[in-house]
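Going by mature numbering (1 follows the signal peptide of the UniProt record, and there is no 0), the letters in the sequence shown line up with residues -22 to -1, 1 to 195, in that order.
Cβ coordinates follow ideal geometry from the N, Cα and C atoms, glycine included.
Fair warning: this is a prediction, and the values are worked out from it, not measured in the lab.
So the structure is just underneath, and the comments pick up after that.
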Amino acid sequence: MTASRSLLAVILLAATAADVDALVFDVPSGGSKCLTEELRRGALSHASYRVAEATSAASSAVSARVAGPRGEELHLTEGVEAGEFRFEAAEDGRYTACFWTPRYLRGAIVSIDVQWTTEVRDHAGGAGSPPAVAAAAAKEGHIDSMIGELKKLEVSTRLIHEEMISLRRSEGEMQKLNEDTTMKIHSFTQLSLAVCVGVAGLQLWHLKTFFQKRHIL
């Protein structure tokens, strides 16, 4: 069992060790977005972030704050277009980086590009768990974060699907209402035409009778 876990860790390391954890996400004005990494004590964490895109030039700035497992502040910047942070994990736990816009602009959205790398130190000087196992454990927090994001996307997709079904149902009801209205208008038009023809016939009959009485015809 231990050998299997070590082999799995080596495979995970080979697939991810050379990659930088890169994320691009949108932060609406007035809102915030947080990323979480599960780190072990002694892990070296470094991240750089920048504003990749903004819907308004006035909103092309973000603020960032990094906190440790106990809520202690490790990094804080406000109103920048790019920045970075670097720290060594003092204890095992979840480390959180939150991003938000310093100014509120209605409808504004800022896209932030974050590249976060983590290096795990082997405090035992090579003894104990293999480096691959430590690296795989460091990636576990990021995997959990990605799973959480995928679940959120699944919920959003389901809501969008339900909204589309509701819109299609409403569209069908509106189409039926339009058809019924068209039929009613057509019926009223025919009725109005019939009334007009009837009134015209009565007027002709009345005129004919009038002229006959006057011996004009």
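Buried or exposed for residue i, please, with buried defined as at least 16 other CB atoms from any protein chain shown within 10 angstroms of its CB.
i    : result
S23  : buried
T167 : exposed
T96  : buried
I90  : buried
G104 : Low confidence applies here, because G104 scores a pLDDT of 43, under 50, leaving its location unreliable; read the following figure in that light. So G104 ends up on the exposed side.
F77  : buried
A67  : buried
V29  : buried
A21  : buried
L128 : exposed
V92  : buried
Would you mind reading off the limits of the beta strand (DSSP E) that contains residue i?
i   : result
Y82 : Counting along the chain, Y82 falls outside any beta strand (DSSP E), and DSSP gives it neither H nor E.
Spell out the partners DSSP gives residue i in its beta bridges.
i    : result
S26  : E62, Q93
A45  : E51, T74
K11  : F77
D4   : S89
V40  : V58
E69  : According to DSSP, which records beta bridges pairwise, E69 is partnered with nothing at all.
E16  : R72
A178 : Partner(s): none; A178 has no beta bridge.
E31  : S89
For residue i, which option in the options has the closest C-alpha, if you only look at C-alpha atoms?
i   : options              : result
G46 : E97, Y73, A25        : Y73
A32 : S41, V5, A172        : V5
V98 : I125, D122, D70, C76 : D70
E15 : K162, A(-1), M152    : A(-1)
S10 : S26, L17, A39        : A39
C12 : M124, R19, L137, S34 : M124
E50 : S34, A75, W94        : A75
A25 : R48, W94, R18        : W94
L17 : V2, E157, D122       : D122
Could you name the residues of the same chain whose beta carbon sits closer than 7 Å to that of residue i, not counting the 5 residues immediately before and after it, in chain order?
i    : result
S37  : S7, T79, R81, L83, A86, V88
C174 : none
E56  : S41, P80
G61  : Y27, A42, T55
Which same chain residues end up closer than 6 Å to residue i when comparing Cβ atoms and leaving out the 5 residues on each side of it in sequence?
i    : result
A102 : Residue placement at A102 is flagged as unreliable, the pLDDT there being 46, under the threshold of 50; a coordinate-derived value is accordingly withheld.
G179 : none
Please work out which residues of its chain come closer than 8 Å, Cβ to Cβ, to residue i, disregarding the five sequence neighbours upstream and downstream, and give them in chain order.
i    : result
L52  : V44, A45, G46, F63, F65, Y73
V133 : none
S34  : L83, A86
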